[in-house]
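Take a look at the structure below.
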Amino acid sequence: MNVRHVAIIMDGNGRWAELRGLPRIEGHRRGVKKVRSIIDASIELRLEALTLYAFSMENWHRPRPEVEALMSLLDFYLKNEMKKLAADNIRFRAIGDIDRLPAGIKKQLAGFESITEKNTGLLLTGALSYGGREEILAAVKRIVKAGLKPDEIDEKTFESHLYTAGLPNPDLIIRTSGEKRLSNFLLWQSAYSELYFTETLWPDFGRDEFISAITEYQKRERRFGALPEVLNS
Ligand code: IPE
Ligand code: IPE
Ligand code: MG
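Here the working numbering is used: the first residue of the sequence shown is 1283, the next is one more, and so on.
As structure tokens, then:
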């Protein structure tokens, strides 16, 4: 089974730290360090797209010091990695309610998008201040503003108004840390995604497990509601 797009809910940083008697932010710091190896593996496997859920709409409700620490980590990550990622031919896009992010980060994200715009390699999407329901509502608002008539709205037009316009739907969604839920991630796009749940906490998730999740996915049979012989004919 061909895999074009993998999306990851990077969960379990807090528990990773708590298990070690460390502050939660230390878990986030370790989690950020893990991102590079997953991007490298995605390039090596020639994935078309990798989407990383880094901060949800609901995460704004966490205690202020944690939100602030996460924002400064994001800032630090962008400052340090942007150039390297651009040199690796990555095309970057941020999805979510980006306006809610601190001005400095917004600026960096816009810069990252524009310096990688013409790249042709892995499409890396960062879900930041992202919520699936909010994305759907934002799409509806854009459609209403554009004055589209009911007859003009089909799945294709609707998708073109989502933050993920142009991205293939995720074939595989991986969630670390043992939680078995989507937590408002890619609600529209995940309709037929395969799901992979692992007990591994995000800071412990590495290249080997990423590759084995993809290998497991490749052994699955996707039906999309049809009978297998119909799909194969
Ligand atoms: C995931 O780790 C990172 C973010 C949500 C920003 P958590 O912070 O949710 O870690 P746990 O789930 O509390 O272990
Ligand atoms: C989902 O994890 C969001 C991210 C990993 C960025 P959460 O830790 O916020 O999700 P819940 O609260 O366990 O559902
Ligand atoms: Mg969590």
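Every residue gets a Cβ at the ideal spot worked out from N, C-alpha and C, and that includes glycine.
Residue pairing by DSSP places residue 1358 in no beta bridge whatsoever. Annotation for residue 1319: the continuous alpha helix (DSSP H) segment containing it runs 1306-1326.
Between residue 1506 and residue 1474, the C-beta gap is smaller than 9 Å, which places the two residues in contact. DSSP, read as helix, strand or coil, puts residue 1419 in helix.
Bounds of the beta strand (DSSP E) holding residue 1408 are 1405-1412. The beta carbon of residue 1466 sits closer than 7 Å to those of 1338, 1339, 1340, 1413, 1414, 1415, all from its chain and outside the five residues before and after it, given in chain order. Three or more beta-carbon pairs drawn from the segment 1287-1295 and the segment 1451-1462 are found closer than 8 Å, and the two stretches are therefore classed as touching. For the pair residue 1367 and residue 1321, the CB atoms are nearer than the 9 Å cut-off. Every residue whose beta carbon comes nearer than 7 Å to a heavy atom of ligand 3 appears here in chain order: 1293, 1294, 1296, 1459, 1461. Distances from the alpha-carbon of residue 1313 to those of 1510, 1509, 1482 put 1482 closest.
Contact between residue 1380 and residue 1389 fails: their C-beta atoms lie close to 11 Å from each other, not under 8 Å.
Rounded to the nearest whole angstrom, the C-alpha separation of residue 1410 and residue 1376 is 7 Å.
Where residue 1391 is concerned, there is no enclosing beta strand (DSSP E), although the alpha helix (DSSP H) around it starts and stops at 1385-1398. Judged by their CB atoms, residue 1449 and residue 1394 are not nearer to each other than the 9 Å cut-off.
In the three-state reduction of the DSSP assignment, residue 1435 falls in the coil class. If you check the CB distance, residue 1402 and residue 1333 do not come in under 9 Å. Taking the C-beta atoms as reference points, residue 1399 is found nearer than 9 Å to residue 1373. The shortest CA-to-CA distance from residue 1353 to any of 1325, 1307, 1323, 1331 is the one to 1307.
In the assembly as shown, residue 1443 is a buried residue. Its beta-carbon has 16 or more other beta-carbons within 10 Å.
Taken from the Cβ of residue 1324, every heavy atom of ligand 2 lies 8 Å or farther away. Taking residue 1463 as reference, the option from 1351, 1447, 1480 with the minimal CA-CA separation is 1480.
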